[in-house]
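For the sequence shown, the positions run 85 to 255 when the numbering used here is used. The C-beta atom is built at its ideal place from N, Cα and C for all residues, glycine as well. Everything numeric in this text was worked out from a predicted model, so none of it was measured. Let me begin by presenting the structure, written as structure tokens, before commenting on it.
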Amino acid sequence: METTTFGPFFKITARRLSTRAGEEGRPGTEDADVIGEHDGFIAPPPFGILHMDSMRIYNSRVRGDDEKSTMRSTFGLSILLGATSGLMAHEAGCRKVELLSIDDGNEYAPKLVKYYGRLGFKAVKEVGDNGFFEDLPHLLVWGGVGTRMDGDLQQLLSKWGGIVRKQAAAR
């Protein structure tokens, strides 16, 4: 895991631990080792918000059954990325997490909303169904349409912290 920050903005990159023999240090192999990325910003009090802007898990870059079993699941990777940003936000005094469950017009959007709901997020607003002027601020902030969701940071960390600790202990 590699975390970079610039002011309130952050980017967390998950890379595989080892590379294939002979690939280490070769130009162009760094991106192949990236298996997940997450970015957003932290607005400390008085706002107290962790804004999760994007999370990308590159399933196609996970190599073979051995690596898949080591990771347990790509959903586990998304929980690890989210917990990392959650801890950073908690240390900054944040209490709320916000995200947009993006709707790209495919059948995956409702599944994503359900997934975030199981994680502990609550739907707040449908962005894209309310007319131009009502949706404009959300479209400018999020850059797309979908379901705006909020979560209580302390509850999320309490719920998922044990899972992350168990995964770390299993290594």
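Quick one: what does DSSP say R140 is sitting in, helix, strand or coil?
strand
Considering D219, what are the terminal residues of the beta strand (DSSP E) in which it resides?
Element bounds for D219: not the beta strand (DSSP E) but the alpha helix (DSSP H), F216 to W226.
Who pairs with R99 in a beta bridge, going by DSSP?
V118
Taking Cβ positions, are V229 and G212 nearer each other than 8 Å?
With respect to G212, V229 sits close: the two C-beta atoms are nearer than 8 Å.
Excluding sequence positions up to five away, which residues of its chain have a Cβ less than 6 Å from the Cβ of T168?
I96
Can you list the alpha helix (DSSP H) stretches of 4 or more residues lying completely in the segment 154 to 204, in chain order?
158 to 175 and 192 to 203
Per DSSP, which residues does L134 bridge with? Please list them.
L134 is bridged by DSSP to I126 and V181.
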